[in-house]
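Novice: Numbering (numbering that gives the first Met the number 0), first residue to last: 0 to 397. Virtual Cβ for every residue (Gly too), placed ideally from N, Cα, C. In this text the structure is predicted, and so the values were computed from the model without any measurement. Sharing a structure, written as structure tokens. Questions coming.
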Amino acid sequence: MSVETIQVADPALRPIAEKVLGGTRLGEADGLTLFRTRDMHGVGRLADFARTRLHGDKVFFNRNRHINYTNVCALSCKFCSFYRKRGEDGAYEMPVEQVISVAKRAHDAGATEVHVVGGLHPWLKFDYYLDMLRGIRVACPELHIKAFTAIEIIHFSRIARLSIAEVLVALREAGLGSLPGGGAEIFDDRVHDEIFKGKVRADRWFDVHRTAHGLGIYSNATMLYGHVETVEERVRHLIKLRDLQDESLARRDAEINRRKDESDVGDASSLPAFFNALIPLSFIPEGSELGHLPGPTGLSDLKTLAITRLMVDNVAHLKAFWIMQGVGLAQLSLGWGCDDLDGTVVWYDITKREGHGTTHQELHVDDLKRLIREAGKTPVERDTLYNEIQRAPAPLLI
Ligand code: V47
């Protein structure tokens with residue numbers, strides 16, 4: 000295929016198109032050119048090409064349920080409208096039994112995953128989190144538990160006085176399946192100091208994911224965009240994620256080769272892991288200390304998703320999280336590099352859209368499939384680790 004087969008109107012995009020077609024990695028300057036061009040459709044076509052090369056016309060979704068076990072948080076990040084201080088109106092923490100019963104209901108309704116995250120609660124003990132995982136594991140042994148952002152893992156290591164690796168091993172023994180990608184925000188000290196100063200810095204987020212990968216625990220990664228960051232900071236954030244993915248994939252390959260050389264038939268589940276998906280999160284200003292900011296526009300959402308697909312060539316999946324991009328834009332993004340719509344979600348407390356100030360935020364599986372088909376793609380149900388799921392058709396009612 001030649002550049003002529005992907006139409007780019009801006010001549011500045013032609014060398015980038017050559018690289019994308021040839022499978023050559025893009026550099027920081029390419030990322031900036033992509034953000035600065037006015038040839039929106041050219042960027043979209045390039046990302047759609049990269050997406051199609053990886054996944055054909057498949058678009059993935061899952062049956063999941065998010066559980067936000069507490070909104071009490073020791074931090075006060077300016078972009079966050081979720082956190083409450085202890086005793087404040089609306090502050091809550093769910094008893095372990097409640098989390099387990101919500102997970103059980105989700106499982107009984109067909110969910111394959113629970114996504115469990117919360118604030119950094121100042122007095123809940125590490126046992127609370129272990130009991131939660133053990134309880135879910137016992138109640139629904141096949142349900143995948145994707146839980147706790149890197150920031151929560153660091154919090155647990157402080158309260159339990161354990162290393163990151165010890166925390167992760169203890170959580171895995173209790174039932175943890177994988178780590179979600181939250182807490183990454185923008186990996187930049189300037190942005191950190193301006194809007195999430197109390198949080199650990201980027202190197203600590205990377206420590207957690209690097210350690211998880213080394214232990215064979217898969218994870219995701221996010222980028223929160225559309226607040227005070229610049230496009231240069233977005234591009235550098237993406238390159239940092241790409242670098243860790245290179246490192247994790249190299250570690251996995253080295254272990255595969257070592258096993259081959261030593262005729263070691265260790266099982267695949269103990270191989271080093273990597274990032275499964277990237278999730279660029281569109282900043283929702285409402286209710287946060289940054290409520291005066293306009294938030295990203297539709298075109299900047301599409302462009303950011305597309306550029307993520309193009310820059311991070313070594314992470315297989317790119318998720319449009321419909322809760323944050325909105326259903327309409329998430330659907331459009333399937334032609335702009337995204338291959339995953341996340342899932343049914345059901346209940347989400349971290350962000351709420353103006354006019355939808357409720358935690359009940361659910362898409363039915365039929366709606367997810369309809370959105371994907373209407374975008375010209377083929378819906379594929381997946382589990383958390385992107386194994387495809389085949390379900391038996393519903394029986395005839397005769
Ligand atoms: O870490 C907080 C972000 C994240 C706002 O791994 C906000 O599969 C927009 O990480 N506007 C949590 N974003 C969500 C998250 C996630 C979501 C879906 C799938 C996965 C996955 C991970 O939400 C936080 C923070 O970066 N966030 N406030 C806001 N006002």
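Taking only heavy atoms of the ligand V47 into account, decide whether any of them is closer than 6 Å to the Cβ of I349.
Specialist: The sequence position of residue 349 within the sequence shown is 350, counting from 1. Correct: I349 has its Cβ closer than 6 Å to the ligand V47.
Novice: Which one or two residues does DSSP pair with G342 in a beta bridge?
Specialist: Reading the sequence shown from its first residue, position 343 is the one you call residue 342. Partner(s): N61.
Novice: On a CA-only basis, which of F81, A90, A159 and I66 is nearest I135? Give me that one, please.
Specialist: To locate residue 135, count along the sequence shown from 1; it is residue 136. I135 has its Cα closest to that of I66, out of F81, A90, A159 and I66.
Novice: Since A28 and G336 are thought to touch, with beta carbons under 8 Å apart, how far apart are those beta carbons, to the nearest angstrom?
Specialist: In the sequence shown, counting from the first residue as 1, residue 28 sits at position 29. In the sequence shown, counting from the first residue as 1, residue 336 sits at position 337. Between G336 and A28 the Cβ distance is about 20 Å, and since that is not below 8 Å, they are no contact.
Novice: Let me check one thing: in DSSP terms, what residues is L277 bridge-paired to?
Specialist: Translated into positions along the sequence shown, residue 277 becomes position 278. Answer is A220 and L317, bridged to L277.
Novice: So what does DSSP say about A146, is it helix, strand or coil?
Specialist: On the sequence shown, position 147 is the one that residue 146 refers to. Here A146 sits in strand by DSSP.
Novice: Please report the straight-line C-alpha distance between F34 and R308, rounded to a whole angstrom.
Specialist: In the sequence shown, counting from the first residue as 1, residue 34 sits at position 35. In the sequence shown, counting from the first residue as 1, residue 308 sits at position 309. Cα to Cα, the separation comes out at about 13 Å.
Novice: Starting from the C-beta of I99, find all residues in its chain whose C-beta is less than 6 Å away, skip the five residues before and the five after it, and write them out in chain order.
Specialist: Here the question's residue 99 lines up with position 100 in the sequence shown. Within the same chain, I99 has close Cβ partners G134, I135 and A138.
Novice: Look at the alpha carbon of K302 and the alpha carbon of M39, and state the distance between them as a whole number of angstroms.
Specialist: One-based indexing of the sequence shown puts residue 302 at position 303. One-based indexing of the sequence shown puts residue 39 at position 40. Whole-angstrom Cα-Cα distance: 7 Å.
Novice: Taking 7 Å as the limit between beta carbons, can you name the residues of its chain near V227, skipping five residues before and five after?
Specialist: In the sequence shown, counting from the first residue as 1, residue 227 sits at position 228. Closer than 7 Å at the Cβ level, and outside the excluded window around V227, lie V190, E193 and I194.
Novice: Which of the three DSSP states is assigned to R83 in this structure?
Specialist: Stepping through the sequence shown from its first residue, residue 83 is reached at position 84. The answer is strand: DSSP assigns R83 an E or B state.
Novice: Among the residues of its own chain, which have a CB less than 7 Å from the CB of Y127, if the five just before and after it don't count?
Specialist: Within the sequence shown, residue 127 is the residue found at index 128, counting from 1. Within the same chain, Y127 has close Cβ partners V95.
Novice: Tell me, please, whether the region 321 to 336 touches the region 259 to 269 by the rule of three or more beta-carbon pairs shorter than 8 Å.
Specialist: No, the region 321 to 336 does not touch the region 259 to 269.
Novice: Look up T377 in the DSSP assignment and say whether it is helix, strand or coil.
Specialist: In the sequence shown, the residue the question calls residue 377 occupies position 378. Here T377 sits in strand by DSSP.
Novice: Since R113 is in the beta strand (DSSP E), which residue starts that stretch and which ends it?
Specialist: Along the sequence shown, read from residue 1 onward, the residue named residue 113 stands at position 114. In the sequence as presented, Arg is not what sits at residue 113; that position holds Val. V113 -> beta strand (DSSP E) spans E112 to V116.
Novice: How far does the beta strand (DSSP E) with E361 in it reach, from first residue to last?
Specialist: Translated into the one-based positions of the sequence shown, residue 361 becomes position 362. H359 to E361 is the span of the beta strand (DSSP E), which, as asked, contains E361.
Novice: Say the cut is 6 Å; is the CB of P179 nearer than that to a heavy atom of the ligand V47?
Specialist: Here residue 179 corresponds to residue number 180 of the sequence shown, with the count starting at 1. P179: yes, Cβ under 6 Å from the ligand V47.
Novice: If you draw a straight line from the C-alpha of T32 to the C-alpha of G55, how long is it?
Specialist: For this step, residue 32 is matched to residue 33 along the sequence shown. For this step, residue 55 is matched to residue 56 along the sequence shown. Each residue's alpha carbon lies about 27 Å from the other.
Novice: How would you call D187, buried or exposed, if buried means at least 16 neighbouring beta carbons within 10 angstroms?
Specialist: If you number the sequence shown from 1, residue 187 lands on position 188. Result: buried.
Novice: In terms of residue numbering, what span does the alpha helix (DSSP H) encompassing W335 cover?
Specialist: Sequence index remark: in the sequence shown, residue 335 carries index 336 (1-based). Careful: W335 lies outside any alpha helix (DSSP H) and carries neither H nor E.
Novice: When the cut-off is 7 Å and only beta carbons count, does F273 lie next to chain B?
Specialist: In summary, chain B is missing from the structure at hand, where a single protein chain is found.
Novice: Would DSSP call V227 helix, strand or coil?
Specialist: Taking the sequence shown and counting its residues from 1, one reaches residue 227 at position 228. Here V227 sits in coil by DSSP.
Novice: Please name the residue in T51, F205, G182 and I278 whose C-alpha comes closest to that of I322.
Specialist: Numbered from 1 along the sequence shown, position 323 holds the residue referred to as residue 322. The residue with the shortest Cα to Cα distance from I322 is I278.
Novice: What runs of the beta strand (DSSP E), each 3 residues or longer, lie entirely inside the region 6 to 85?
Specialist: For the region 6 to 85, whole beta strand (DSSP E) runs of length 3 or above, ordered along the chain, are 57 to 61 and 63 to 67.
Novice: Quick one, are the C-beta atoms of L243 and F282 less than 7 Å apart?
Specialist: Counting from one through the sequence shown, the residue named residue 243 turns up at place 244. Counting from one through the sequence shown, the residue named residue 282 turns up at place 283. In this structure, F282 does not lie closer than 7 Å to L243 by Cβ.
Novice: Is T148 near G117, with beta carbons less than 7 Å apart?
Specialist: Position 149 of the sequence shown, counted from the start, is the residue given in the question as residue 148. Position 118 of the sequence shown, counted from the start, is the residue given in the question as residue 117. No, the pair does not count as a contact, with Cβ atoms beyond the cut-off.
Novice: Please classify W122: is it buried, with 16 or more other beta-carbons within 10 angstroms of its beta-carbon, or exposed?
Specialist: As a working mapping, residue 122 is identified with position 123 in the sequence shown. W122 comes out exposed.
Novice: According to DSSP, is L132 helix, strand or coil?
Specialist: Mapped onto the sequence shown, residue 132 falls at position 133. Helix, per DSSP.
Novice: G213 lies in the alpha helix (DSSP H); which residues open and close that run?
Specialist: Position 214 of the sequence shown, counted from the first residue, corresponds to residue 213. That run of the alpha helix (DSSP H) goes A201 to G213.
Novice: If you draw a straight line from the C-alpha of V314 to the C-alpha of L396, how long is it?
Specialist: Mapped onto the sequence shown, residue 314 falls at position 315. Mapped onto the sequence shown, residue 396 falls at position 397. V314 and L396: Cα-Cα distance of roughly 43 Å.
Novice: Given a threshold of 16 other Cβ atoms within 10 Å of its Cβ, counted over all protein chains shown, does Y217 qualify as buried or as exposed?
Specialist: As a working mapping, residue 217 is identified with position 218 in the sequence shown. Per the 10 Å Cβ criterion, buried.
Novice: Do L45 and V71 have their CB atoms nearer than 7 Å?
Specialist: Translated into the one-based positions of the sequence shown, residue 45 becomes position 46. Translated into the one-based positions of the sequence shown, residue 71 becomes position 72. Result no, Cβ atoms of L45 and V71 do not sit closer than 7 Å.
Novice: Shortest alpha-carbon distance to R372 belongs to which of L340, G225 and N219?
Specialist: As a working mapping, residue 372 is identified with position 373 in the sequence shown. Checking every option, the nearest Cα to that of R372 belongs to L340.
Novice: Taking buried to mean at least 16 other C-beta atoms within 10 Å of its own C-beta, is Y347 buried or exposed?
Specialist: Here residue 347 corresponds to residue number 348 of the sequence shown, with the count starting at 1. Burial call: buried.
Novice: Going by C-alpha distance, which of L304, V326 and H212 is nearest P179?
Specialist: Stepping through the sequence shown from its first residue, residue 179 is reached at position 180. Out of L304, V326 and H212, H212 has the C-alpha closest to the C-alpha of P179.
Novice: Can you tell me which residues form a DSSP beta bridge with S177?
Specialist: Position 178 of the sequence shown, counting from 1, holds the residue named residue 177. Answer is K145.
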